[in-house]
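So the protein lines, in turn, are chains Z and E.
Residue 1048, in this note's numbering, is where the first sequence stops; the numbers in between run on with no holes.
Residue 316, in this note's numbering, is where the second sequence stops; the numbers in between run on with no holes.
Backbone N, C-alpha and C define an ideal beta-carbon position, used for all residues, glycine too.
Structure record follows, encoded as structure tokens.
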Amino acid sequence: MSQVELIELSKSYEKQKDILKAINLFIKEGEFFVLVGPSGSGKSTLLRMIAGLEEISGGILKINNELVNHLPPKDRNLSMVFQNYALYPHLTVEQNILFGLKAKKVGKQEQQRRLKEAAEMVGLTELLKRKPRELSGGQRQRVALARSIVSHAPLCLMDEPLSNLDAKLRSNMRVQIRRLQKRLGFTTIYVTHDQVEAMTMGDRIMVLNDGKIQQVGRPITLYNEPANLFVASFIGSPKMNIGKAHFLAKHKRLTVENELSITVDPSIARGLPLDRPLTIGIRAEHLLPGTTENTTHYLEVVNVEQLGNETSIAFDVGTELWTAKWPGQWPIQVGQKVPVHLSSEHLLFFDSETGSLIQSASQAKKQEVLVI
Amino acid sequence: MSMSSLAIQTNEINLEYVEQVKKRQRMKNLLKGVLFLLPSIILFSAFVFYPMIRTIYLSFFLTNTSGVTTVFVGLENYINLFKSPIFLKNIQSTFLFVLYTVPATVIISLFLAIIASEKLKGIGFFRTIFSSTMGISVAAASVFWMFLFNPTMGLLNQLLKSIGVEPIGWLTDPNWALLSVSVTTIWMNIGFTFLVLLGGLQSINSYLYESADIEGAGYFYKLRRITIPMLSPTLFFAITVSIINAFQTFGQIDILTQGGPQNETNLIVYSIYREAFVNYQFGSASAQAVVLFIMILFLTAIQFKLGERKVHYQ
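Below is the structure:
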């Protein structure tokens, strides 16, 4: 299994400078590594540079401790699954899967053995004689996967492989790909713009924006301790509620969006800068329904989404739209003022100017410790 | 009881009314369709359908010099044609000509298209050059080649002389004339075929090549397993059009050889022209035209039958 190392990797085109800026990254053997970012962030470009389809403008790319900057794709010993699957429309499923093995002149028996193995693994045994146009989207996706399985490459690159599938199939394929990867153990670099995919599949995630690394870490770390406002609002669904805030009355009270006033626990306030403009964040599941004892605020509801197992409620807070996720079914009407419990231990504090995290929620830290 | 039967009745009336409206809409659609087709129907009728029917009609008659039918002779025109050694020779020349020009044109154009589809600096210049013969009229190209073929001052014979080879009567030697005309035709047809094939090559999804690169396919493997099969609909089109064009060659024959020497380059369309407008045998000329029509129709039909199996439409 391969390990991949990127040292100060960068990419510029003639017309466009710095698509990617000084990317430093180490991907361990057998790791499922997810590159996530909005469209145009350079994640696909980075993947194509690792594949060798895109020239490297600067920096060093090492696979298994060997410099591969100069190697063509076929000598990098990897496989790739494309967004549109890149199946050959004139070849049958079997021919599609064996295309690479034939090109590399692998023995006939070995070819058949690997074909059988891969087809069984992804459930294509019945469809080997079909042409791609006679397959459904999910089946095509599996052919593309089988093609990368038969290559026995120690490194597999996936470029938004699930984005052409419908939602149900997508969650099904997520599990399948993950299981396959665990079973075969190949190192995987997976590009997606979907943060749900990133959270659910990745051993580690790298969030990329504007060609710069925003944060690298385990999914839960990214969720609980986002390094900056970008990661905070990108990871998690619905996105984190964010508001401008400043302290009043000697660090005891915090005013959010000039509307909400929150009492801050002294232990939390201790680490915060006194006079700088702050931005606070709070996850939707931490904006709790208030009981008679602990209600801190009353907020006006602007939208209600009944999801059956939970209720998603939107409030107007200053210029921001905040969302709360409450378990169970709540009979709430738009326009109603509902009691809310907002506790300072769930707050994340960011520097408003740089956007970087100053202090994460103290509650989340405690939970993490408990789990470990 | 009466209430319910009344309700059923009104429902039936309503259904009938719906049917009527639907029918009217279908008629309207048909009328609109015909209206859109009208320009082509008029043009095709005037310049294709009427002449075709007229030609078939004429082929059963003898005519006077102005083309007016005189005697009905039935199939005699056809029988005479197939008894005439000159006409049989013309058909043979035509087939030879197709054989010389079509494969060469397609293979050369394919080669040029493949090298011109590489992403290199200044490739646009070469693309322009390779497709430029498309913009040259048959007459101009023929005159240009006539100078090259000129027995004494022509560049080709000058070259031969400089390396000490006997000069060749390119257009006057019966062994060379058909070949010379073929070379001219190949040169003239490359432009169009090149452009069609280049378009076909560029519409092949680049993901397929990237995927093949990663899977370790070499240049010729990609050419054989991806490029040619993916290009097959375009190739099929190029070959069909080239064959039809070759059968209908006229201009370069008229300018370069006028069917000579010894009827060696008297291709069927030129022969039709001679028969009709030099010998004033409109009946016999029409019969030849019908024979040519049937030949092309038959060949194209065979091509489609064979092609279906080999061509991969997306």
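Straight-line spacing of the CA atoms in L803 of chain Z and A795 of chain Z works out to 9 Å. Interface annotation for the region 197-221 of chain E against chain Z: N207, Y209, L210, E212, S213, A214, D215, I216, E217, G218, A219, G220, criterion Cβ-Cβ distance under 8 Å. Contact with chain Z is absent for I304 of chain E, since none of that chain's Cβ atoms lies less than 8 Å from the residue's Cβ.
Within chain E, no C-beta atom comes less than 7 Å from the C-beta of S839 of chain Z; the nearest is roughly 14 Å away. Residues of chain Z whose Cβ lies closer than 8 Å to the Cβ of P235 of chain E do not exist, since the nearest Cβ in that chain is about 10 Å away. In the DSSP assignment, Q815 of chain Z falls outside any beta strand (DSSP E) and lies within the alpha helix (DSSP H) extending over 813-826. In this structure, the CA atom of K123 of chain E is about 60 Å from the CA atom of T987 of chain Z. In this structure, Q264 of chain E keeps its C-beta atom at 8 Å or more from the C-beta atom of P169 of chain E. The beta carbon of I736 of chain Z sits closer than 6 Å to the beta carbons of I683 from its chain, once the five residues preceding and following it are set aside; these are given in chain order. Of the other Cβ atoms in all chains shown, 16 or more fall within 10 Å of the Cβ of L884 of chain Z; this residue is therefore buried. With a threshold of 16 other beta carbon atoms within 10 Å, I918 of chain Z meets it and is buried. W189 of chain E sits in a helix when the DSSP states are folded into three classes. At a cut-off of 8 Å between C-beta atoms, I228 of chain E counts as an interface residue with respect to chain Z.
Within the region 58-121 of chain E, the beta strand (DSSP E) runs of at least 3 residues that lie entirely inside it are, in chain order, 63-65, 71-74.
Closer than 7 Å at the C-beta level to chain E, one finds these residues of the region 763-786 of chain Z: Y764, P765, H766, F775, G776, A779, K780. Here S244 of chain E has T103, V104, T107, V108, N191, T195 as same chain residues with Cβ atoms under 8 Å from its own Cβ, once five neighbours each way along the sequence are excluded. With respect to the C-alpha of S1020 of chain Z, the residue from Z:T972, Z:I726, Z:I865, Z:E810 having the closest C-alpha is Z:T972. Bounds of the alpha helix (DSSP H) holding F239 of chain E are 230-249. Taking a Cβ-Cβ threshold of 9 Å, the residues of chain E close to A727 of chain Z are E212, D215, I216, in chain order.
The C-beta of T154 of chain E has fewer than 16 other C-beta atoms within 10 Å across all chains shown, which makes the residue exposed. Contact note: M756 of chain Z reaches chain E through E212, S213, I216, E217, using a C-beta cutoff of 9 Å and chain order. By the neighbour-count definition (other C-beta atoms within 10 Å, threshold 16), S182 of chain E is a buried residue.
With fewer than 16 other CB atoms across the displayed protein chains lying within 10 angstroms of its CB, S913 of chain Z is exposed. Between T868 of chain Z and E901 of chain Z, the CB-CB gap reaches or exceeds 8 Å.
Under the Cβ criterion of 8 Å, P41 of chain E is not counted among the residues facing chain Z. In chain order, T242, I245, I246 place their CB closer than 8 Å to the CB of T302 of chain E, counting only its own chain and leaving out the 5 sequence neighbours on each side. Here the alpha carbon of M756 of chain Z sits roughly 16 Å from the alpha carbon of K780 of chain Z. Between K719 of chain Z and G713 of chain Z, the beta carbon gap of about 5 Å places them in contact (Cβ cut-off 8 Å).
Interface criterion met: the Cβ of P231 of chain E is under 8 Å from a Cβ in chain Z. Distance from the Cα of I956 of chain Z is smallest, within the candidate group Z:Q1009, Z:S943, Z:T863, Z:S937, for Z:S937.
For Y223 of chain E, the nearest CB of chain Z lies under 8 Å from its own CB, placing it at the interface with that chain. Taking 8 Å as the CB threshold, K750 of chain Z lines the interface with chain E.
By the neighbour-count definition (other C-beta atoms within 10 Å, threshold 16), L831 of chain Z is a buried residue. Under the 8 Å Cβ criterion, the region 692-710 of chain Z counts as touching the region 848-865 of chain Z, having at least three qualifying pairs. Taken through DSSP and simplified to helix, strand or coil, M677 of chain Z comes out as coil.
When Cβ-Cβ separations below 8 Å define contact, S827 of chain Z makes contact with chain E.
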